[in-house]
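J.: The opening position of the sequence shown corresponds to residue 100 in this note's numbering, with each subsequent residue numbered one higher. Glycine included, C-beta positions come from ideal geometry on N, C-alpha and C. Computed from a predicted structure; not experimentally measured. One structure is given below, represented as structure tokens, and several questions about it will come after.
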Amino acid sequence: MLTWASAQLQPARVVDPGVGSARFLVAAGRQFPDADLVGIELDPLAAILARGHLAATGLAARAIVNVGDYREATLPPIDGRTLYLGNPPYVRHHLLGQQWKRWLVSTARKHGLEASQLAGLHVHFFLATAEYARSGDVGAFITAAEWLDVNYGRLVRELLLEVLGARTIHVIEPAAMPFPGTATTAVITGFEVGARPKSIGLRRVAALDDLDSLEAEWDVRRERLEAAHRWTPLTRAAPEKREGFVELGELCRVHRGQVTGANRVWIAGLHSADLPTSVLFHSVTKARELFAAGGLLTDPASLRQVVDLPVDLDRFNREDRHRIDRFLKLAKSLGADSGFIARNRKAWWSVGLRDPAPILATYMARRPPVFVRNLAAARHINIAHGLYPREPLGEPALRALAEFLSRSTTIFQGRTYAGGLTKFEPREMERLLVPRAAELLASGLSPEVLV
Ligand SMILES: C[S@@+](CC[C@H](N)C(=O)[O-])C[C@H]1O[C@@H](n2cnc3c(N)ncnc32)[C@H](O)[C@@H]1O
């Protein structure tokens, strides 16, 4: 952790929250001969050990160990950057007092974030660090790994993305015994306050020796971490990671199409013939439309239309509004306002189709998915996924990407259900491997060569 930190900064001060016997702070004092050393420790006996350790190693003159709660610490402003380093305590929420749970919720709210009362003490330490740290400060903490995935860990995940500026996350497998005597997964998080890196370095290590200087194994875009409810899956390499390839999620977001809640109402037909054309959108509503497209969807007229009304209906002129009202009366009589989906929309009448996706994909069939370049600018409902490039891709790259995916994706990569039905959730589709750069796709390399 110190090797990693020294590649990031020369700190004017090192703060170790929950300093214990000061093994981290002593190592930091050796690594940074000019830094002030600050330990904060709740347990007075541990604080005496820390002071003794610092004195015995000749570091006492620039060290201070305060007895107190880290969440109430006062850290005077200094000239220069601070490194927050340590091994915050692992205490489950049952043992934390009500006043601290309230502190967690109200302090998180100041950052515009929500906190769960089930959060363990290490979550409190991340939040306190976000309170004290200034832009440019750096942190390296080793903690238990649950916050990567559990609901109460969301606060840490959001703090790391929005406030603390995560740069690297290393998950240590339980077999490596990161906390001696306890078979648990640990995670080392390196952050730089105020940084918003495009991607964050991730790695899993099976043995402590493999940690080296915390070099990440691969980079994952921050948008993927923002979208994921659990981070552990992103720390696992796709099984057949290949040189020069990245996960599709690095190039594109994958979104399932909108659920209408009542296709017989919202897919246009005779019952909607009277509606203004501005509320009708050619859409892929059946997987077979994509299977039949031969890789390129060119003719919107071959598709059915979906009725997608805006939330605000006052923008229509009287005549159009009249037609819409008539249609909505019919829709209501068919129960279109009362289903679960309709009741959970902003307005029950507004399906809210996504923008046309440059590439559309099937995701559930007894055969591998097909990926189709959507030249028809068709919308899609929930029988398809849409691939939205994170950065603009030129036409040759889009076509090569779609073709590459169609040729290389097998049913074995999705989840197979009884009867051979294979399904790809959007996050699973984002894990498919594709050639690294759009340029590679655009360079004229034929997809056959790449497969
Ligand atoms: C996991 S130990 C780490 C000790 C030391 N850094 C090490 O790695 O050996 C956590 C330390 O935090 C202290 N601690 C617990 N709650 C605290 C709090 N609210 N504020 C400050 N220190 C606390 C504990 O007494 C313990 O010494």
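Can the beta-carbon of V270 be found less than 8 Å from the beta-carbon of R323?
T.: As a first step, residue 270 is located in the sequence shown; it is residue number 171 there, counting from the start. As a first step, residue 323 is located in the sequence shown; it is residue number 224 there, counting from the start. For V270 and R323, no; Cβs fall outside 8 Å.
J.: Quick check on W447: does DSSP put it in helix, strand or coil?
T.: In the sequence shown, counting from the first residue as 1, residue 447 sits at position 348. Here W447 sits in coil by DSSP.
J.: How big is the Cα-Cα spacing for V533 and V118?
T.: The sequence position of residue 533 within the sequence shown is 434, counting from 1. The sequence position of residue 118 within the sequence shown is 19, counting from 1. C-alpha separation (whole angstroms): 45 Å.
J.: Work out the CA separation of D236 and G138 for me, nearest whole Å.
T.: On the sequence shown, residue 138 is found 39 positions in, with the first residue counted as 1. On the sequence shown, residue 236 is found 137 positions in, with the first residue counted as 1. In a straight line, the C-alpha of G138 is about 17 Å away from that of D236.
J.: Buried or exposed for D407, please, with buried defined as at least 16 other CB atoms from any protein chain shown within 10 angstroms of its CB.
T.: Your numbering for residue 407 matches position 308 in the sequence shown. Counting Cβ neighbours within 10 Å, D407 comes out buried, since at least 16 surround it.
J.: Would you check if the distance between the CB atom of L136 and the CB atom of L182 is smaller than 8 Å?
T.: Translated into the one-based positions of the sequence shown, residue 136 becomes position 37. Translated into the one-based positions of the sequence shown, residue 182 becomes position 83. No. Outside cutoff.
J.: Quick check on W317: does DSSP put it in helix, strand or coil?
T.: By 1-based counting over the sequence shown, the position of residue 317 is 218. W317 falls in the strand class under three-state DSSP.
J.: Throw me the rounded Cβ distance for the G128 and L148 pair, which I believe falls under 8 Å.
T.: Against the sequence shown, residue 128 aligns to sequence position 29. Against the sequence shown, residue 148 aligns to sequence position 49. The Cβ separation is near 15 Å, so there is no contact.
J.: Which class does F123 belong to by DSSP, given the choice of helix, strand or coil?
T.: As a position in the sequence shown, residue 123 is number 24, starting the count at 1. Three-state result, F123: helix.
J.: Which runs of the alpha helix (DSSP H) at least 4 residues long sit entirely within the stretch 188–269? Give them in chain order.
T.: 197–209, 220–231, 253–258
J.: Helix, strand or coil: how does DSSP classify L324 here?
T.: Here residue 324 is taken as the residue at index 225 of the sequence shown, counted from 1. Note: L324 maps to helix in three-state DSSP.
J.: For E490, which of S449, R352, P277 has the nearest alpha-carbon?
T.: On the sequence shown, position 391 is the one that residue 490 refers to. The option with the nearest alpha carbon to E490 is R352.
J.: With DSSP run on the structure shown, which of helix, strand or coil describes A475?
T.: To locate residue 475, count along the sequence shown from 1; it is residue 376. Coil at A475, not helix or strand.
J.: From G451 to T384, what does the alpha carbon distance come to, in whole angstroms?
T.: If you number the sequence shown from 1, residue 451 lands on position 352. If you number the sequence shown from 1, residue 384 lands on position 285. Near 15 Å, if we compare the C-alpha coordinates of T384 and G451.
J.: Thinking just about the alpha-carbon of each residue, which of E213, H192, P187, L504 is nearest to the one in A239?
T.: Stepping through the sequence shown from its first residue, residue 239 is reached at position 140. Checking every option, the nearest Cα to that of A239 belongs to P187.
J.: Could you give the first and the last residue of the continuous beta strand (DSSP E) run that contains Q404?
T.: Along the sequence shown, read from residue 1 onward, the residue named residue 404 stands at position 305. 403–406 is the extent of the beta strand (DSSP E) around Q404.
J.: In angstroms, rounded to a whole number, what distance separates the CA positions of L347 and T461?
T.: For the purposes of this step, residue 347 is identified with residue 248 of the sequence shown, where counting begins at 1. For the purposes of this step, residue 461 is identified with residue 362 of the sequence shown, where counting begins at 1. Their backbone Cα atoms lie some 15 Å apart in a straight line.
J.: Using 10 angstroms around the beta-carbon of N473, count the other beta-carbons present and answer buried if the total reaches 16, otherwise exposed.
T.: As a first step, residue 473 is located in the sequence shown; it is residue number 374 there, counting from the start. By the neighbour-count criterion, in which 16 or more other beta carbons inside 10 Å mark a residue as buried, N473 falls on the buried side.
J.: Return the residue from the list L486, G356, W317 that minimises the CA-CA distance to E342.
T.: Numbered from its first residue, the sequence shown carries residue 342 at position 243. When each option's Cα is compared against that of E342, the closest is W317.
J.: With 16 other CB atoms within 10 Å as the buried threshold, where does H193 fall?
T.: Along the sequence shown, read from residue 1 onward, the residue named residue 193 stands at position 94. With fewer than 16 Cβ atoms within 10 Å of its Cβ, H193 is classed as exposed.
J.: I'd like to know whether the C-beta atoms of G179 and R112 end up nearer to each other than 8 Å.
T.: Counting from 1 along the sequence shown, the entry for residue 179 is found at position 80. Counting from 1 along the sequence shown, the entry for residue 112 is found at position 13. Contact flag set, yes.
J.: Less than 7 Å separating the Cβ of Y231 from some heavy atom of ligand 1?
T.: Position 132 of the sequence shown, counted from the start, is the residue given in the question as residue 231. Result no, Cβ not under 7 Å from ligand 1.
J.: Checking 8 Å against the spacing of the C-beta atoms, do I458 and V405 come in under that value?
T.: For this step, residue 458 is matched to residue 359 along the sequence shown. For this step, residue 405 is matched to residue 306 along the sequence shown. Taking 8 Å as the Cβ cut-off, I458 and V405 do not qualify as a contacting pair.
J.: In this structure, does DSSP put P116 in helix, strand or coil?
T.: Against the sequence shown, residue 116 aligns to sequence position 17. P116: strand per DSSP, three-state reduction.
J.: Helix, strand or coil for R489? Go by DSSP, reduced to three states.
T.: Counting from one through the sequence shown, the residue named residue 489 turns up at place 390. Three-state DSSP puts R489 in coil, outside helix and strand.
J.: For Y169, which residues of its own chain have a beta-carbon under 7 Å away from its beta-carbon, when the five flanking residues on both sides are left out?
T.: For the purposes of this step, residue 169 is taken as the residue at position 70 of the sequence shown. Here the set comprises P116, G117, I139, F224, A227.
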